[in-house]
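All remarks here apply to the structure that follows.
Numbering (this note's numbering), first residue to last: 4 to 141.
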């Protein structure tokens, strides 16, 4: 059964599927990370002040990578903050081009009330970079 069209009769976007293992390895290497796909190896990856692979996935607006991480059983890391208290969702709020990634994160349990070590909220960041409709949804 096809998904329902939107109010303006534009068909909805196709569902995002996880990237392949080969593409995941390539993405890890592109980000200067070890390309071992063992979930235990990926869980311990920390870069740039303790940032996780989730931070890098949303920074790149890679929902397919998020889906791969979810399928690999790493959704429990979605709210893991880096050393400065920034969660992956904070990073997703840094650019309107990442709005789809931010929406994906929120629909999968990202904490919209997360606060950085400096008092920055997801809402603060969204007000500066996201569309008005996105901010209203928060």
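For glycine and all other residues, C-beta sits at the position ideal for the given N, C-alpha and C. Computed from a predicted model, the values in this text were never measured in an experiment.
Reduced DSSP secondary structure (H/G/I, E/B, other) of residue i
i	result
residue 6	With a pLDDT of 49 at residue 6, under the threshold of 50, the modelled position of this residue cannot be trusted; read the value that follows with caution. If DSSP states are grouped into helix, strand and coil, residue 6 belongs with coil.
residue 44	helix
residue 50	strand
residue 56	helix
residue 80	helix
Sequence-distant residues of the same chain with beta carbon closer than 7 Å to residue i, five excluded per side
i	result
residue 101	61, 64 and 95
residue 58	85, 91 and 94
residue 132	96, 97, 98 and 99
residue 38	28, 31 and 32
Neighbourhood of residue i by C-beta distance below 6 Å, restricted to the same chain and skipping five residues each side
i	result
residue 92	108, 113 and 125
Outcome for residue i when other beta-carbon atoms lying within 10 angstroms are tallied against a minimum of 16
i	result
residue 121	exposed
residue 85	buried
Reference residue i; option with closest CA among the options
i	options	result
residue 99	128, 38 and 50	128
residue 45	75, 25 and 110	75
residue 43	78, 52, 30 and 66	78
Length-filtered (4 minimum) alpha helix (DSSP H) runs lying within the stretch 87 to 130
91 to 95 and 102 to 110
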